[in-house]
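Take a look at the structure below.
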Amino acid sequence: MARTAGMECDLKTISKNNHHFPDTTISIAISTTEKIAGGTFGHNDLSYCDDPEDASIDESFMPVELRGKKWKTKRVLGEGGNFKVYLVASSDGLKYAMRWCRKQDCSTTKYGKNEGFQLKAASFMEKHLENTLRLKELIGHHPNIVKLIGFRKVNLFTQQIMEYIDGSDLHNFIEVNYFQKKRQIGIRKAQSLFCDLLSAVKHSHSLNIAHMDIKVENCLITRNGNLKLTDFDNAVRFQPGKKMNGSVYATRLYAAPETFNKEYKPACADIWACGIVLFIMLKQSIPWEVAK
Numbered sequence: 001m002a003r004t005a006g007m008e009c010d011l012k013t014i015s016k017n018n019h020h021f022p023d024t025t026i027s028i029a030i031s032t033t034e035k036i037a038g039g040t041f042g043h044n045d046l047s048y049c050d051d052p053e054d055a056s057i058d059e060s061f062m063p064v065e066l067r068g069k070k071w072k073t074k075r076v077l078g079e080g081g082n083f084k085v086y087l088v089a090s091s092d093g094l095k096y097a098m099r100w101c102r103k104q105d106c107s108t109t110k111y112g113k114n115e116g117f118q119l120k121a122a123s124f125m126e127k128h129l130e131n132t133l134r135l136k137e138l139i140g141h142h143p144n145i146v147k148l149i150g151f152r153k154v155n156l157f158t159q160q161i162m163e164y165i166d167g168s169d170l171h172n173f174i175e176v177n178y179f180q181k182k183r184q185i186g187i188r189k190a191q192s193l194f195c196d197l198l199s200a201v202k203h204s205h206s207l208n209i210a211h212m213d214i215k216v217e218n219c220l221i222t223r224n225g226n227l228k229l230t231d232f233d234n235a236v237r238f239q240p241g242k243k244m245n246g247s248v249y250a251t252r253l254y255a256a257p258e259t260f261n262k263e264y265k266p267a268c269a270d271i272w273a274c275g276i277v278l279f280i281m282l283k284q285s286i287p288w289e290v291a292k
């Protein structure tokens, strides 16, 4: 790992250093979604998330009790390179987080005329989402893991229905409560949050599932001060003690050194990322500016 000696990069530096490096096996999905968050993903109005009239809807991956429900969009919770997350309420008033991902590229400048590529990308992304759901079903219920309830297919989009956490992610939690107030997080508080994270990781590893994208943005803090790990989109099944080969799709800042050599143990890569999270909590800075 390359690092800058004596560096003091503050918390605000973290986000701009969270670059990903793609796995060749999912480069199709990356390339077809990379422009979605740049304003082409959808409309700014909240009605965008409501089901359009005459929409083609597939709820076969939803729990029976949630099928046929009407969903009301409340507000945007966040967004990433290929998705947006909304707070929604079902027709019976229960709140959920709904993550919208487009199955096909909406950029007409690069892929708009390549229908074959579009169909291939859509098929891959759909299989990827189904695999994510299967992994979350294996993980089951755990107090420190955000529950994935199911997903719907609405026209060209998939909607992941998840447990709604009324709080913030760990990055914002540290920035608002500690960084902006120029004070350090207490050892007991850091220990409590870190133990929550390790509990989630231990549970998934006991099922031979590695998260592969652990970072402060994927650690959600509830109003009770507990940590829940979310976003298992890059999770993989592994065989204990055996290495995996090939590139990975991870956040560079948190990536273990061996992942850059394309030969790594997924569980060990998760533990490395947990260490980076702990460093950020205690130091409110990043350990290095460039990881390679």
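For reference, each letter of the sequence shown is one residue, going 1 to 292 in UniProt numbering.
We treat Cβ as the ideally placed atom computed from N, Cα and C, and that holds for glycine.
These numbers come from a predicted model, not from an experiment.
Excluding sequence positions up to five away, which residues of its chain have a Cβ less than 6 Å from the Cβ of L278? Against the sequence shown, residue 278 aligns to sequence position 278. Result list for L278: F194, in chain order.
Within a Cβ cutoff of 8 Å, which residues of the same chain sit near K265, ignoring the five residues on either side of it in sequence? Translated into positions along the sequence shown, residue 265 becomes position 265. Once the five neighbours on either side are set aside, the close Cβ partners of K265 are F238, G241, K242, K243, M244, E258.
So R152 and I57 are supposed to be a Cβ contact under 8 Å. How far apart are they, rounded? Looking up residue 152 in the sequence shown gives position 152. Looking up residue 57 in the sequence shown gives position 57. Right, the Cβ-Cβ distance comes to about 6 Å (below 8 Å), so this counts as a contact.
Is it the case that the stretch 86 to 99 contacts the stretch 146 to 162, given that we only count it when at least three CB pairs across the two stretches are under 8 Å? With three or more CB-CB distances shorter than 8 Å, the stretch 146 to 162 counts as touching the stretch 86 to 99.
Under the rule that 16 or more other beta-carbon atoms within 10 Å means buried, what is S60, buried or exposed? In the sequence shown, the residue the question calls residue 60 occupies position 60. Burial call: exposed.
What number of angstroms, rounded off, separates the C-alpha of G78 from the C-alpha of A255? Walking along the sequence shown from the start, residue 78 turns up at place 78. Walking along the sequence shown from the start, residue 255 turns up at place 255. C-alpha separation (whole angstroms): 23 Å.
Can the beta-carbon of H211 be found closer than 9 Å to that of A235? Locating residue 211 in the sequence shown gives position 211, where the first residue counts as 1. Locating residue 235 in the sequence shown gives position 235, where the first residue counts as 1. In this structure, the beta-carbon distance from H211 to A235 falls below 9 Å.
Can you name the start and end residues of the beta strand (DSSP E) that S90 belongs to? The residue labelled residue 90 in the question sits at position 90 within the sequence shown. Counted as a single uninterrupted DSSP element, the beta strand (DSSP E) harbouring S90 occupies residues 83 to 90.
Output needed for T230: all residues of its chain with C-beta closer than 7 Å, excluding positions within five of it in sequence on either side, in chain order. Residue mapping note: residue 230 aligns to position 230 of the sequence shown, counting from 1. Apart from sequence neighbours up to five positions away, the residues of its chain that approach T230 with a beta-carbon distance below 7 Å are V146, N218, L220, ordered along the chain.
Closest to C274 by CA distance: which of V201, K228, E263 is it? Within the sequence shown, the letter at position 274 stands for residue 274. Ranking the options by Cα distance to C274, first place goes to V201.
For R183, does the three-state DSSP call read helix, strand or coil? Indexing the sequence shown from 1 puts residue 183 at position 183. If DSSP states are grouped into helix, strand and coil, R183 belongs with coil.
So, at 8 Å on beta carbons, what are the nonlocal neighbours of L138 in its own chain, with the 5 sequence-adjacent residues on each side left out? Taking the first residue of the sequence shown as 1, we reach residue 138 at position 138. Counting only Cβ-Cβ distances below 8 Å, and skipping sequence neighbours, we find L207, I209.
For T251, three-class secondary structure by DSSP: Position 251 of the sequence shown, counting from 1, holds the residue named residue 251. Strand.
Any contact between the stretch 279 to 288 and the stretch 176 to 191? By contact I mean 3 or more CB pairs, one from each, below 8 Å. By the Cβ criterion, the stretch 279 to 288 is in contact with the stretch 176 to 191, since at least three pairs of Cβ atoms, one from each stretch, lie closer than 8 Å.
What number of angstroms, rounded off, separates the C-alpha of L227 from the C-alpha of D196? If you number the sequence shown from 1, residue 227 lands on position 227. If you number the sequence shown from 1, residue 196 lands on position 196. Answer to the nearest angstrom: the Cα atoms are 6 Å apart.
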